[in-house]
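Here is the structure we will look at.
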Amino acid sequence: MANELLFFMEVLVGGLLAGTMYSLVALGFVLIFKASATFNFSQGAMVFFSVLAFCGFMQDFNIPFVLAFILAAFLMVVVGLCTERLVLRPLMNASEDTVLMATIGLGYVLEGLAQAAWGVEVRRLDLGIGDFPVPWIADNLKLFISALDITAGLVAAIMIIGLFLLFKYTKIGLGLRAVADDAGAASSIGIPLKHIMLLVWSAAGVVALVAGCMWGARAGVQFALVDLALKALPVLIIGGFSSIPGAIIGGLIIGAVEKILEVYIGPFFGGAIEGWAPYVLAIFFLLYRPEGLFGEKIIRRV
Amino acid sequence: MKPIFMTYTKKDLINLAVCMVLSVLIIPTFIKTEYWYTSILIPWLCLALATIGQQIVMGYTGQLALGAAGFMAAGAFAMFNLILRVPDLGFVGSLIVSGLIAAAFGILFGLPSLKVRGIYLMVATLASQFFIIWMIDKFGWFKNYDSSGIITAQDIVILGKPFTTPLAMYFVCLAVTTILTLLAMNMARGSTGRNWMAVRDMDIAAESMGVSLLRTKVQAFAISAFYCGVAGALFAFCYLKSLEPVAFDIKLSFKILFMCILGGLGTINGAFIGAAFILLFPVLLNAIGNNVFHGAIDATIISSIEQVIFGLLMIIFMIYEPLGMAKLWENLKQSMKSKLSSSGIKGVKSPVFKK
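Chains as they are written, first to last, in the numbering used here: chain A, 134 to 435; chain B, 2 to 356.
What follows is the structure, encoded as structure tokens:
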């Protein structure tokens with residue numbers, strides 16, 4: 134019995150920590166959605182693009198780790214700048230769905246550019262953190278938890294706290310919230326809309342880079358990252374599109390439920406239910422709470 | 002314009018006649034190479050049909066859905082099993098029933114559309130995409146316990162006659178596509194289509210005008226999935242000639258979405274234009290790579306460039322012409338007409354006042 138409980142705990146903790154990986158991707162979506170009510174479908178492509186560039190800088194040009202990271206982050210700022218200038222500004226008055234379609238296009242552009250520049254083969258990314266159980270925890274608590282999972286959890290926590298402080302206590306954060314509420318009103322009282330957009334897209338780019346590093350270290354830097362990033366969508370639906378804590382909680386729920394279902398129910402169906410279980414879970418959430426756990430209630434008028 | 006036959010105007014009948022003459026008489030007499038049929042015309046017709054399905058739910062009813070390939074897979078594997086297990090049904094019967102099976106999936110996964118819209122709905126339809134592919138992959142029954150993963154499609158036999166040559170298969174696809182396209186046009190013009198568009202333009206307003214959202218949305222999803230299912234069956238039986246779940250992955254769904262949007266949302270001819278563009282553009286790009294640069298550019302680079310260009314086009318169309326290529330074509334015709342009429346007849350002849 135104790136063993137079964139221990140095994141359940143291990144599955145649960147593993148799932149929760151893996152969930153923080155989804156949270157990291159979801160965080161980038163939330164940042165952009167919060168500031169511009171734009172759903173950025175290209176976030177997954179941004180993850181892939183940024184981490185592939187990071188790997189490319191390190192492995193093809195032999196640039197040291199830190200410098201390569203800074204370069205990749207700078208590249209994401211440039212991507213943010215171009216997106217703001219070339220995609221978002223012309224579409225300022227377009228409907229939400231039109232902007233969403235344009236970001237799908239943007240995702241295609243980023244995926245294509247990344248592959249044209251750095252090739253299509255799977256790259257290994259070594260962060261110096263092993264994807265194996267931490268001996269100390271394994272000995273003392275008898276739980277097998279990967280060091281990478283713990284790092285991802287810590288990184289996610291730090292980023293959440295940082296972003297939370299930024300939104301809550303700085304002038305930029307206040308501007309961001311104002312723009313999210315009503316972009317027109319915000320710009321009429323002198324909040325520089327362009328700068329805010331640029332800032333948000335750059336921040337989302339850097340978040341994508343961090344998420345990409347975590348995913349890349351686990352699964353290798355490859356095109357499949359884009360599909361993995363799609364799983365951030367159910368996370369967002371559960372947590373709510375405009376809530377940073379929601380992204381985290383949603384990620385944790387998806388991670389845990391997915392693992393538990395896979396381990397306990399999966400074998401009856403031949404396994405691999407991880408592929409669709411999060412989406413079905415999201416549908417059930419949609420039916421009962423369409424705005425997500427932490428989202429704002431959507432009111433539509435004629 | 003006055004309808005001269007049922008609700009069709011003279012222009013409609015001329016268009017139909019031109020398309021029929023072109024596809025039935027001119028193409029088979031002038032195109033003799035098999036390559037054109039097996040690699041371009043047949044997939045074009047199949048994908049155009051699937052794109053019409055996507056149009057119905059997205060272009061006409063305004064519901065963002067991203068699971069066309071899932072429904073295509075459902076149709077394809079339903080077809081395989083029907084021919085295998087219920088041989089009495091015949092090819093045409095199986096095709097209709099497999100469309101209906103796909104439609105059942107469409108209804109099931111279309112239900113969330115009653116509560117949610119936009120990106121939320123997109124996620125719900127992604128569930129259908131992943132679920133259907135997983136289901137086919139995991140339960141051996143659907144694949145007749147074939148362990149290799151790739152199943153050869155049965156030969157097409159209609160009324161005891163085999164249709165196995167590329168030309169014959171082209172005619173099968175052409176017949177099915179023509180019938181379903183005419184049906185789709187009728188639906189889009191009739192009260193069904195009016196309801197769809199009312200829901201698209203403002204669902205709350207439509208509901209207060211007495212349009213049943215439940216009926217309209219579920220109907221749109223069912224019909225859309227029916228079209229995708231039939232298209233999937235044709236795609237597997239006439240083009241791939243094999244059945245494997247991987248062929249219907251999320252990438253195909255995105256491709257169909259692109260065909261739908263670039264072609265022109267809310268138009269039937271846009272489906273054909275979009276499908277032709279997405280299908281032919283890579284062929285053109287490869288030809289340029291092989292002939293101009295003599296293979297100096299790597300094939301993976303070419304496919305990356307293709308992706309970049311599709312993405313760029315998507316952005317450009319969203320910014321400058323959200324109604325896609327069908328609208329460009331319409332504009333071109335309009336400007337030609339006004340040029341012709343202004344050179345001959347005095348005064349501006351506005352199309353609005355034409356009776």
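Note that CB positions come from ideal geometry on N, CA and C, so glycine has one too.
Notebook entry, point to check: In chain order, what residues of the same chain have a beta carbon less than 7 Å from the beta carbon of residue 206 (chain A), not counting five sequence neighbours either side?
Noted result: So the qualifying residues of the chain are 339, 342.
Original post:
When Cβ atoms are compared, which residues of the stretch 342 to 376 of chain A fall closer than 9 Å to chain B?
Top reply: Going along the stretch 342 to 376 of chain A in chain order, one finds 360, 363, 366, 367, 369, 370, 374 with a Cβ nearer than 9 Å to chain B.
Checklist entry - What residues in the stretch 278 to 307 of chain B bring their beta carbon closer than 7 Å to a beta carbon of chain A? => result Across the stretch 278 to 307 of chain B, CB contacts with chain A closer than 7 Å involve 301, 302, 305, 306, in sequence order along the chain.
Enclosing beta strand (DSSP E) for residue 157 (chain B) [first to last residue]: Here the beta strand (DSSP E) through residue 157 (chain B) covers 157 to 159.
Given a threshold of 16 other Cβ atoms within 10 Å of its Cβ, counted over all protein chains shown, does residue 391 (chain A) qualify as buried or as exposed?
Classification for residue 391 (chain A): buried.
Using a Cβ-Cβ cutoff of less than 7 Å, which residues in the same chain neighbour residue 189 (chain B) once the five nearest sequence positions on both sides are dropped?
Leaving aside the five residues that flank residue 189 (chain B) on each side, the residues in its chain whose CB is nearer than 7 Å to its CB run, in chain order, 61, 269.
### Option in B:30, B:75, B:56, B:36 with minimal Cα separation from residue 237 (chain B)
Cα-wise, what sits closest to residue 237 (chain B) is B:75.
message = Is there a Cβ of chain A sitting closer than 7 Å to that of residue 199 (chain B), yes or no?
response = So, not an interface residue.
Hey, which unbroken runs of the alpha helix (DSSP H) at 4 residues or more fall wholly within the stretch 166 to 236 of chain A? Complete alpha helix (DSSP H) runs here, min 4: 176 to 193, 198 to 215.
When you compare each of B:161, B:153, B:334 to residue 88 (chain B) by their alpha carbons, which one comes out closest?
A check of alpha carbon separations from residue 88 (chain B) across B:161, B:153, B:334 identifies B:161 as the nearest.
Practice problem: Kindly indicate which three-state DSSP category residue 87 (chain B) falls into: helix, strand or coil? | Solution: Residue 87 (chain B) carries a coil assignment under DSSP once its states are collapsed to helix, strand and coil.
- Message: With DSSP as the reference, identify every bridge partner of residue 164 (chain B), one or two as the case may be.
- Response: In the DSSP assignment, residue 164 (chain B) forms a beta bridge with B:157.
- Below 6 Å CB to CB, which residues in the same chain sit around residue 251 (chain A) once its five sequence neighbours on both sides are set aside? For residue 251 (chain A), same chain residues with a beta-carbon under 6 Å away, outside a window of 5 residues either side, are 185, 189 in chain order.
Cutting at 7 Å between CB atoms, please list the residues of its own chain near residue 128 (chain B), excluding the five before and the five after it.
Excluding positions up to five away in sequence, the list reads 110.
*asked:* Measuring only the C-alpha atoms, how far is residue 148 (chain B) from residue 292 (chain A)?
replied: The straight-line gap from Cα to Cα measures roughly 47 Å.
_For a contact defined as C-beta to C-beta under 9 Å, what are the partners of residue 397 (chain A) on chain B?_
Per Cβ cutoff of 9 Å: no residues; residue 397 (chain A) is ~17 Å from chain B at best.
- Item | Per-residue contacts from residue 229 (chain A) into chain B (C-beta, under 7 Å) | In chain order: 119.
Query raised in the report: Hey, out of A:323, A:178, A:180, A:255, whose CA is closest to residue 192 (chain A)'s CA?
Result: Of the listed residues, the one whose Cα sits closest to residue 192 (chain A) is A:255.
When we look at the beta-carbon of residue 411 (chain A) and count the other beta-carbons within 10 Å, is it buried (16 or more) or exposed?
Counting Cβ neighbours within 10 Å, residue 411 (chain A) comes out buried, since at least 16 surround it.
Check the C-beta distance from residue 279 (chain A) over to residue 266 (chain A) and give it rounded, since I have them as a contact under 8 Å. Sure, about 6 Å apart at Cβ, within 8 Å.
Quiz item: Nearest chain A C-beta to residue 128 (chain B) closer than 7 Å, yes or no?
Solution: Any Cβ of chain A closer than 7 Å to the Cβ of residue 128 (chain B) would place that residue at the interface, and such an atom is present.
* To do: Following the continuous alpha helix (DSSP H) through residue 29 (chain B), name the residue where it begins and the one where it ends.
  => Run containing residue 29 (chain B): 28 to 31, per the alpha helix (DSSP H) assignment.
Open item on the list: Quick check: the Cα distance between residue 192 (chain B) and residue 123 (chain B), rounded to an integer number of angstroms?
Closed with: Going by the C-alpha atoms only, they are around 26 Å apart.
| query | So, residue 425 (chain A) versus residue 349 (chain A), is the Cβ gap smaller than 7 Å? | reply | Against a cut-off of 7 Å, the Cβ pair of residue 349 (chain A) and residue 425 (chain A) comes out as no contact.
- What are the partner residues of residue 279 (chain A), as DSSP defines its beta bridges? A:266.
| Listed in chain order, which residues of the stretch 189 to 208 of chain A have Cβ atoms closer than 9 Å to some Cβ of chain D? | No chain D appears in this structure, whose protein chains are A and B.
Item to complete: For residue 80 (chain B), collect the residues of the same chain with a Cβ closer than 6 Å to its Cβ; drop the 5 residues on either side in sequence, then sort them by chain order.
Response: Hits under 6 Å: 95, 99, 234.
- Cα-Cα separation, residue 339 (chain B) to residue 324 (chain B): If you take the alpha carbons of residue 339 (chain B) and residue 324 (chain B), they lie about 21 Å apart.
Just grab the DSSP bridge partners of residue 354 (chain A) for me.
Beta-bridge partners of residue 354 (chain A) (DSSP): A:256.
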